[in-house]
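Remarks on the structure that follows.
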Amino acid sequence: MDKIANAFKNKANIGYIVAGYPSSDYTKEFLNSLDESVLDIVEIGIPYSDPLADGKLISMASFEACKNGITTDKVFEILKCVKTSKCLVFLVYYNLILAYGEDKFLQNAKECGMSGIIVPDMPFDESEEFRAKCLKFNLALIPLVAPTSKDRTKDILKNASGFIYAVGSLGVTGGSQTSLNSLKDMIDGIKENTNLPVAIGFGIKTNEDVKRTKLYADGAIIGTKIVELTQKCNVKELNKEIEKLFV
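Numbering follows numbering that gives the first Met the number 0, in which position 214 of the sequence shown is assigned residue number 213; successive positions increment by one, without gaps.
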């Protein structure tokens with residue numbers, strides 16, 4: 000988890016990709032280029048047939064990766080070919096972990112150099128046992144806090160680790176960011192209950208979005224726009240476009 004803390008020494012640049020999209024080789028090449036990237040943390044999405052938190056574009060990418068045979072085991076095989084000093088975390092739906100086996104999944108994740116896990120469909124009230132297992136493997140179970148969390152925020156943050164993923168819009172990924180005042184209020188509410196860094200995701204698509212997000216948050220997360228760029232850029236071009244988004 001030290002890699003997560005180091006990534007937030009300055010305002011963190013966080014990107015999201017779908018593992019195996021558009022191909023396994025593309026994912027390997029991109030992850031192996033990270034040491035030259037402006038990204039501090041990369042969220043690696045494990046393809047899933049029913050990604051309920053994701054919008055049309057990421058769902059399509061996830062579906063294409065599944066169609067191309069990318070399974071949880073294939074994702075671990077990809078990661079075994081990756082060398083980077085940057086921080087990697089999974090974004091994975093719980094059904095995949097359950098089907099794979101919690102302990103086996105966490106063991107493989109640790110051996111592949113992952114620092115944390117985001118499970119968007121795991122309710123806080125049902126996460127205690129899995130959180131304990133994550134800590135056993137020294138993996139952070141990174142919680143999501145949404146604008147609708149409100150009174151539950153304090154409980155969600157009570158045993159949080161890694162960083163806090165603040166959802167910057169209502170609905171699925173790829174939507175519009177909520178107002179700056181709403182973001183500020185949400186961040187203020189989170190910081191009253193934790194000393195962990197707070198990054199905002201959902202609805203961040205441009206350099207302007209990143210700059211305004213970092214006025215209040217400790218990091219900005221871009222997912223849909225980066226996945227969109229993977230459709231039309233080679234890895235070298237992708238890294239240049241990512242730099243334009245964050246710097």
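Virtual Cβ for every residue (Gly too), placed ideally from N, Cα, C.
Could you have a look at residue i and say whether DSSP puts it in helix, strand or coil?
{"i": "C111", "result": "coil"}
{"i": "G161", "result": "coil"}
{"i": "I220", "result": "strand"}
{"i": "E191", "result": "coil"}
{"i": "V144", "result": "strand"}
{"i": "I203", "result": "coil"}
{"i": "V226", "result": "helix"}
{"i": "V197", "result": "strand"}
{"i": "I186", "result": "helix"}
{"i": "V209", "result": "helix"}
{"i": "I117", "result": "strand"}
{"i": "V246", "result": "coil"}
Return the CA-CA distance between residue i and residue j, expressed in angstroms with no decimal places.
{"i": "L179", "j": "A145", "result": "15 Å"}
{"i": "A131", "j": "K210", "result": "35 Å"}
{"i": "F123", "j": "V246", "result": "34 Å"}
{"i": "K10", "j": "K204", "result": "17 Å"}
{"i": "C86", "j": "M113", "result": "7 Å"}
{"i": "E160", "j": "A139", "result": "Rather than Glu, the amino acid found at residue 160 in this sequence is Ser. Going from the Cα of S160 to the Cα of A139 covers about 5 Å."}
{"i": "K239", "j": "S181", "result": "31 Å"}
{"i": "E125", "j": "I163", "result": "18 Å"}
{"i": "G218", "j": "E28", "result": "25 Å"}
{"i": "I220", "j": "K66", "result": "27 Å"}
{"i": "C232", "j": "D208", "result": "22 Å"}
{"i": "N31", "j": "I40", "result": "13 Å"}
{"i": "E127", "j": "N137", "result": "15 Å"}
{"i": "T83", "j": "T147", "result": "36 Å"}
{"i": "D154", "j": "N206", "result": "33 Å"}
{"i": "L244", "j": "L38", "result": "10 Å"}
{"i": "G54", "j": "I16", "result": "14 Å"}
{"i": "N107", "j": "T71", "result": "10 Å"}
{"i": "E242", "j": "M121", "result": "32 Å"}
{"i": "E76", "j": "D150", "result": "41 Å"}
Which residue comes first and which comes last in the beta strand (DSSP E) that contains residue i?
{"i": "Y15", "result": "A11 to V17"}
{"i": "E35", "result": "Taken as a continuous stretch (DSSP letters only), E35 belongs to no beta strand (DSSP E), as it is neither H nor E."}
Provide the residue span of the alpha helix (DSSP H) that contains residue i, from first to last.
{"i": "V91", "result": "Note, V91: premise wrong, no alpha helix (DSSP H); not H, not E."}
{"i": "I57", "result": "K55 to K66"}
{"i": "V41", "result": "No alpha helix (DSSP H) contains V41, which is instead part of the beta strand (DSSP E) from I40 to G44."}
{"i": "D74", "result": "In the sequence on display, residue 74 carries Val and not Asp. From DSSP, the alpha helix (DSSP H) with V74 extends over T71 to K79."}
{"i": "C133", "result": "E127 to K135"}
{"i": "N233", "result": "Element bounds for N233: n/a, residue is neither H nor E."}
{"i": "L138", "result": "Run containing L138: none; DSSP gives neither H nor E here."}
{"i": "D150", "result": "Premise fails: D150 is in no alpha helix (DSSP H) and is neither H nor E."}
{"i": "K27", "result": "S23 to N31"}
{"i": "N2", "result": "It should be pointed out that residue 2 corresponds to Lys in this sequence rather than to Asn. Per DSSP, K2 belongs to the alpha helix (DSSP H) from D1 to A6."}
Step through the CB atoms of chain B and report whether any lies within less than 8 Å of the CB of residue i.
{"i": "F62", "result": "You won't find chain B in this structure, because it holds only one protein chain."}
Item to complete: Take every Cβ of the segment 95–111, pair it with every Cβ of the segment 52–63, and state whether three or more of those distances are shorter than 8 Å.
Response: no
Worksheet item: Can at least three beta-carbon pairs, one atom from the segment 178–193 and one from the segment 220–228, be found at a separation below 8 Å?
Response: no
Worksheet item: How do the segment 33–47 and the segment 76–90 stand: do at least 3 beta-carbon pairs fall below 8 Å, yes or no?
Response: yes
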